[in-house]
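Chemist: The structure's right below; bear with me while I get my questions together.
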Amino acid sequence: MWILRRKWVVLPLLLFALAAAGASAEEGYVGDETCAMCHDEITLQFSRTPHAVASGWSVEKGCESCHGPGEKHVDEGDPELIRQPSDLSAREVNTMCMDCHKRQESHFSFRQSIHSLGDVACTSCHNPHVTHDKMLERSGRQLCSDCHQAIASQFDLARSHPDDDCSSCHDPHQTRSLRTDTTAFRDTCVNCHFEKTGPFLYDHDVALVDGCATCHEVHGSPNRHLLKHEPQVNLCYQCHSAAVTPGWHSVPRFLNEKCTACHTAIHGSNTSSFFLEE
Amino acid sequence: MRTRIVYIALSALLLSVVPALAEDGKGGLEGSVELLYRDVDIEGESRKYDEDYDGLDSGVRLGSLSANWLQPASGKLDYARLDMSGLGGDPYESTKLRLGRKDKFDLSFNYTKRDYIYNLFELVGNEDGATWDAQRRIADIALKLYPSDNVKLVFEFRDGQRSGTSLVMKDISRQLFRLETPLDVNEKRYTVGGDFKLGEVDFVVRQTMRRYVNLFDNMTEQNLGIELGSLTTLTHYDWNQRDSGSTDWTSFKVHAPLGSRVDLTIGVLGTFLGDDSLRSNVSVNADGTDFSGAPLSFVDGFSRADLQGDTTLVDADLSVSVINELDVHLQYREFDRDLAGTADEDLEGTGTSSSVNVQNDYSLSTMSAIVNYRPVRQIGLRVGYRMIDRELQRTGFLGVRNIDYDSKDDDTLIFGITLKPVDWFRLNADLEDGEVTQPFTAVAPEESDHLRVRATFTPQDNMRIDLGYLDFESMNTAPDIRDLGSFWNGLREGQSLSVSFWNRVGEKIDYMLRYAGQEIETNVGVTFDTAGFFGTETGFSIFDNDNTQYSGYVNCAFGTRWKGNVRFMAAESDGVNVLTGDATPAPGIVNSESIKQELVDLEVGLNYFFDGGMFVGGSYRMLDYEDGNTLLDYDGEIITLRAGLRF
Chain A
1 MWILRRKWVV
11 LPLLLFALAA
21 AGASAEEGYV
31 GDETCAMCHD
41 EITLQFSRTP
51 HAVASGWSVE
61 KGCESCHGPG
71 EKHVDEGDPE
81 LIRQPSDLSA
91 REVNTMCMDC
101 HKRQESHFSF
111 RQSIHSLGDV
121 ACTSCHNPHV
131 THDKMLERSG
141 RQLCSDCHQA
151 IASQFDLARS
161 HPDDDCSSCH
171 DPHQTRSLRT
181 DTTAFRDTCV
191 NCHFEKTGPF
201 LYDHDVALVD
211 GCATCHEVHG
221 SPNRHLLKHE
231 PQVNLCYQCH
241 SAAVTPGWHS
251 VPRFLNEKCT
261 ACHTAIHGSN
271 TSSFFLEE
Chain B
1 MRTRIVYIAL
11 SALLLSVVPA
21 LAEDGKGGLE
31 GSVELLYRDV
41 DIEGESRKYD
51 EDYDGLDSGV
61 RLGSLSANWL
71 QPASGKLDYA
81 RLDMSGLGGD
91 PYESTKLRLG
101 RKDKFDLSFN
111 YTKRDYIYNL
121 FELVGNEDGA
131 TWDAQRRIAD
141 IALKLYPSDN
151 VKLVFEFRDG
161 QRSGTSLVMK
171 DISRQLFRLE
181 TPLDVNEKRY
191 TVGGDFKLGE
201 VDFVVRQTMR
211 RYVNLFDNMT
221 EQNLGIELGS
231 LTTLTHYDWN
241 QRDSGSTDWT
251 SFKVHAPLGS
261 RVDLTIGVLG
271 TFLGDDSLRS
281 NVSVNADGTD
291 FSGAPLSFVD
301 GFSRADLQGD
311 TTLVDADLSV
321 SVINELDVHL
331 QYREFDRDLA
341 GTADEDLEGT
351 GTSSSVNVQN
361 DYSLSTMSAI
371 VNYRPVRQIG
381 LRVGYRMIDR
391 ELQRTGFLGV
401 RNIDYDSKDD
411 DTLIFGITLK
421 PVDWFRLNAD
431 LEDGEVTQPF
441 TAVAPEESDH
451 LRVRATFTPQ
461 DNMRIDLGYL
471 DFESMNTAPD
481 IRDLGSFWNG
491 LREGQSLSVS
501 FWNRVGEKID
511 YMLRYAGQEI
521 ETNVGVTFDT
531 AGFFGTETGF
541 SIFDNDNTQY
551 SGYVNCAFGT
561 RWKGNVRFMA
571 AESDGVNVLT
581 GDATPAPGIV
591 NSESIKQELV
601 DLEVGLNYFF
611 DGGMFVGGSY
621 RMLDYEDGNT
631 LLDYDGEIIT
641 LRAGLRF
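Structure follows, in structure tokens:
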């Protein structure tokens with residue numbers, strides 16, 4: 001074949017091209033030590049971040065991985081001559097971050113995640129210079145509260161979900177923002193509420209199909225059990241009004257009751273198709 | 001008690017040694033630890049306080065501990081991180097440990113404990129229906145190994161324990177009894193798998209085995225029935241139930257960028273290699289009297305059930321960057337879950353058992369497409385369309401409840417816009433407008449509108465204003481299954497508005513003020529069976545609820561030593577639930593219940609910082625709860641003393 005006959009010509013050319021490409025990739029980079037000469041405080045802080053660990057500490061391009069080659073900036077001292085992610089659009093910032101992070105499983109479909117579609121930059125939540133867990137700007141649900149104020153106010157109620165970290169249930173990088181799949185095994189909620197996983201011989205269809213949030217205001221609620229309505233009968237009537245309410249349910253004695261006072265196994269039962277007992 | 005002593009001793013040890021561990025220069029140890037003593041004083045209905053705050057009480061606690069250690073090329077470890085909170089007796093405890101070495105391994109351990117207390121008060125009076133006092137403990141450990149740059153191996157184990165009491169209703173020969181019962185649950189999950197990179201393609205494989213056991217061992221004596229004047233009595237009751245089974249699932253995911261503009265992810269999850277099963281066994285013995293005074297007795301009652309399930313889930317996400325300004329995103333999901341079981345039951349020990357075959361098959365198919373267009377940097381536009389088709393087929397649920405549902409078409413239009421015309425303003429709005437040809441259940445609405453708007457103003461670096469608005473309306477028109485020619489209507493609508501203002505004044509003070517309001521109204525057509533089983537009296541169930549909340553905080557520093565903070569929240573919930581019938585002649589069913597709740601939660605704190613990061617301080621917290629049912633009111637004071645170290 002032509003290529004085999006000329007391999008002694010082609011191979012050196014290929015090697016030269018690769019070497020040239022490698023050399024050009026390094027062009028204009030000055031290394032962290034040079035950055036530290038002026039930006040000592042932030043360089044020191046960066047050295048304590050997970051990014052520093054990920055870069056293996058000895059890689060010279062720690063700062064310049066995000067800020068780009070700094071040679072011109074160093075030579076002329078002009079802040080305009082180095083990339084400032086804060087000046088980039090959300091899409092540009094995210095593209096830059098995804099260069100390294102796109103192969104993490106939770107980031108596979110990041111491009112169509114709710115946050116990406118809404119032009120929220122990675123740096124809205126993550127600050128590459130801080131040492132906090134996952135380099136998050138703030139901890140726990142405080143991180144999400146600025147944008148999700150209504151949800152934050154629900155968490156302030158006395159009866160609210162005890163978990164302080166939104167990411168226990170939500171993955172902000174995914175297309176389906178709940179951390180695990182609701183439909184498959186109701187996994188998001190039953191991850192902790194595992195006694196409600198089932199399978200049940202008699203499954204409450206709304207739990208099986210529509211999920212826990214149909215009846216529960218999961219972030220926080222003035223109502224007991226984080227239910228959407230109280231008294232509970234009103235909640236249940238939304239599905240069970242004209243449909244299935246035999247005679248005794250109209251007796252005033254029961255109008256004041258919670259339906260689950262009798263239908264205690266409302267999430268699913270293995271002995272009662274009316275969910276009266278487990 | 002011993003656990004508390006251990007935690008406190010560990011904390012004291014940590015307080016004394018961490019300064020020596022903290023290092024200057026790259027890496028090193030940093031974090032904080034805080035010990036506290038809390039004194040809780042509640043006046044009024046303390047059971048209601050316990051219900052609201054899950055029994056937060058007095059005592060010494062490890063409030064928080066956070067230690068983050070990074071060290072370059074130090075041998076066996078690169079990083080270690082420990083976070084703990086609430087240890088020593090708080091309702092919510094958490095411990096998280098993670099350590100590893102880059103490109104070698106990552107080991108993590110998590111433990112959480114959650115207490116739940118509910119006192120099932122009636123809406124009138126303060127009858128203690130029962131106490132539901134439960135605790136969940138979840139521990140998991142995960143090991144990730146990186147034998148090469150392209151391979152990650154994963155091993156995980158999780159153990160979940162639920163213990164405490166629950167509340168069950170017992171239907172014993174048509175006599176109803178309400179009993180507290182211990183419910184002990186154990187669930188274990190074992191997962192193995194790996195992440196593999198082959199060129200530009202990523203593969204993720206996991207196999208999980210879940211094993212669970214639920215135990216309901218319910219005994220009672222001298223339990224009164226809850227209907228017909230409590231004439232029925234159980235003198236002895238012994239119910240033993242053991243539900244156990246397994247759910248094994250396999251997941252496989254492929255992520256493949258097809259060139260620089262196309263990104264494809266396909267995931268499959270299902271019970272392909274294992275089992276999804278349940279085996280339930282109940283034995284029951286009881287003695288008592290029924291409402292007529294006749295003996296109520298059965299011996300060797302039983303129930304047995306077996307269930308098998310199959311699940312398949314396929315997901316696909318495709319993103320195409322048509323041009324730099326235009327992306328097209330597609331999501332596809334196909335889900336099937338088939339559950340089939342048999343039950344054999346003779347709970348009253350009559351010697352004649354009844355058998356039933358139960359089937360519960362559910363499928364879902366959904367496809368959505370979104371076009372995201374950014375003509376200029378300041379504007380992003382989104383237009384999308386979503387189709388959902390759901391079906392449920394079930395048997396074994398008795399009579400009319402065996403209906404099969406088919407949602408046919410659920411079509412939703414999606415619109416969105418992001419505006420950033422200037423640096424200090426950002427607006428994001430989404431509108432969804434959906435229609436369902438035939439509702440799946442009443443909560444799957446025939447028509448659904450959903451508008452959400454968020455706006456952020458940052459006129460200065462030290463100032464931020466956030467606005468949030470939500471408006472939704474869902475309307476069902478579902479067939480009445482007892483009269484398929486007629487329909488009933490359900491309407492649920494609401495709005496919520498939130499506004500917050502954050503400001504930093506100099507280096508010493510920052511504060512936030514927030515208002516959040518929510519209005520919800522539901523109006524559902526109801527048919528009351530005032531004349532017995534299939535007699536009808538039509539009417540309405542109306543629920544009207546307004547929630548208002550004011551909250552905020554102030555953080556301030558006085559000099560370099562003193563730091564103070566104030567946090568407050570005042571919430572009011574005002575609702576009414578009305579059931580009205582239109583019987584002729586009147587009166588028919590009329591029932592109206594008012595729901596009012598007001599909670600004020602105010603906390604003021606002050607800390608003093610010494611050289612070297614040590615600090616001491618305290619806080620005063622005031623709670624004031626008022627209920628429409630005044631018997632449930634309580635107020636309280638919580639005084640907390642703190643000492644800690646930042647390193």
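Those protein sequence lines, which keep their order, are chains A and B. All residue numbers in the first sequence are consecutive under my numbering, ending with 278. All residue numbers in the second sequence are consecutive under my numbering, ending with 647. All C-beta atoms, glycine included, are put in the ideal place defined by N, C-alpha and C.
1) For B:Gln495, which residues from the same chain have a beta carbon less than 7 Å from its beta carbon, with the 5 sequence-adjacent residues on both sides left out?
2) Should B:Met219 go down as buried or exposed, given a rule of 16 or more other Cβ atoms within 10 Å for buried?
3) Just by C-beta distance, which residues in the stretch 111–135 of chain A are closer than 7 Å to chain B?
4) What residue ranges within the stretch 178–224 of chain B form continuous beta strand (DSSP E) runs of no fewer than 3 residues, ordered along the chain?
5) How far does the alpha helix (DSSP H) with A:Asp32 in it reach, from first residue to last?
6) Look up B:Met84 in the DSSP assignment and give the residues it is bridged to.
7) Leaving out the 5 sequence neighbours to the left and right, which residues in its chain are closer than 6 Å to B:Asp624 when beta-carbon positions are compared?
8) Straight-line CA distance for B:Asp238 to A:Asn270?
9) Please confirm whether A:Leu201 and B:Ser280 have their CB atoms less than 8 Å apart.
10) Which class does A:Pro79 belong to by DSSP, given the choice of helix, strand or coil?
11) List, in chain order, every chain A residue whose beta-carbon is nearer than 7 Å to that of B:Gln597.
12) Would you list the one or two residues that DSSP bridges to B:Pro257?
13) Can you tell me which of the three DSSP states B:Ile42 falls into?
14) Do you know offhand how far B:Val33's Cα is from B:Gly644's?
15) Taking C-beta pairs closer than 9 Å, name the residues in chain A that B:Ile370 reaches, listed in chain order.
16) Counting pairs of Cβ atoms below 8 Å between the stretch 208–216 of chain A and the stretch 142–160 of chain A, do you hit three or more?
17) When the Cα atoms are used, what is the spatial distance from B:Asp389 to B:Thr412?
18) Using a Cβ-Cβ cut-off of 8 Å, state whether B:Gln549 counts as contacting chain A.
19) Whole angstroms is fine: what's the gap from B:Asn565's alpha carbon to A:Phe275's?
20) How about B:Asn577: is its Cβ closer than 7 Å to a heavy atom in the ligand SAM?
21) What does a CB cutoff of less than 6 Å around B:Arg646 pick up in its chain, not counting 5 residues either side in sequence?
22) Within 8 Å of any Cβ in chain A, is that where the Cβ of B:Arg514 sits?
23) With B:Leu467 and B:Val422 assumed to form a contact (beta carbons below 8 Å), what rounded beta-carbon distance in angstroms separates them?
24) Going by C-alpha to C-alpha distance, which of B:Val213, B:Asn360, B:Tyr118, B:Met475 sits closest to A:His225?
25) Note down, in chain order, every chain A residue with its Cβ under 7 Å from the Cβ of B:Gly468.
26) Look at the alpha carbon of A:His73 and the alpha carbon of A:Pro128, and state the distance between them as a whole number of angstroms.
27) Let me check understanding here. Comparing Cα to Cα, which of B:Ile417, B:Pro459, B:Leu330 lies closest to B:Met387?
28) So what does DSSP say about B:Arg401, is it helix, strand or coil?
29) Around the C-beta of A:Glu285, are 16 or more other C-beta atoms found within 10 angstroms, so that it is buried, or is it exposed?
30) Can you give me the C-alpha to C-alpha distance between B:Glu345 and B:Leu224, rounded to a whole angstrom?
31) Can you give the Cα-Cα distance for B:Val18 and B:Leu87, rounded to whole angstroms?
32) Output needed in chain order: residues of the stretch 160–177 of chain B with a Cβ under 7 Å from some Cβ in chain A.
33) Reducing DSSP to helix, strand and coil, say where A:Phe274 ends up.
34) Taking just the CA atoms, how far does B:His255 sit from B:Val505?
35) What residues of chain B sit near A:Pro162, judged by a beta carbon separation below 8 Å?
36) Specify the secondary structure class of A:Gln149 as computed by DSSP and reduced to three states.
Modeler: Based on what the coordinates show:
1) Leu470, Asp471, Glu519
2) exposed
3) Within the stretch 111–135 of chain A, the residues whose Cβ lies closer than 7 Å to some Cβ of chain B are Arg111, Gln112, Leu117, Gly118, Asp119, Thr131, Asp133, listed in chain order.
4) 201–220
5) 32–38
6) B:Leu65, B:Thr95
7) Val600, Asp635
8) 18 Å
9) Contact flag set, yes.
10) Note: A:Pro79 maps to helix in three-state DSSP.
11) Within 7 Å Cβ-Cβ: Pro222.
12) B:Asp263
13) strand
14) So the alpha carbons of these two residues sit roughly 5 Å apart.
15) Gln112, Leu117
16) no
17) Straight-line Cα distance between these residues: approximately 12 Å.
18) yes
19) 49 Å
20) This structure lacks the ligand SAM, and indeed carries no ligand of any kind.
21) Ser32, Gly613
22) Taking 8 Å as the CB threshold, B:Arg514 lines the interface with chain A.
23) With a Cβ gap of about 16 Å, B:Leu467 and B:Val422 do not count as contacting.
24) For A:His225, the closest alpha carbon among the candidates B:Val213, B:Asn360, B:Tyr118, B:Met475 is that of B:Tyr118.
25) Simply Gln149, Ala150.
26) 20 Å
27) Among B:Ile417, B:Pro459, B:Leu330, the Cα nearest to that of B:Met387 belongs to B:Leu330.
28) helix
29) An answer regarding residue 285 of chain A cannot be provided, because it is not within the stretch 1 to 278 covered by chain A.
30) 25 Å
31) For B:Val18, the predicted model reports a pLDDT of 49, less than 50, meaning its position is unreliable; a value from the coordinates is still stated below. Going from the Cα of B:Val18 to the Cα of B:Leu87 covers about 19 Å.
32) Those would be Gly160, Arg162, Leu167, Val168, Met169, Lys170, Asp171, Leu176, in chain order.
33) coil
34) CA-CA distance, B:Val505 to B:His255, rounds to 48 Å.
35) Asp54, Pro91, Tyr92, Arg114
36) helix
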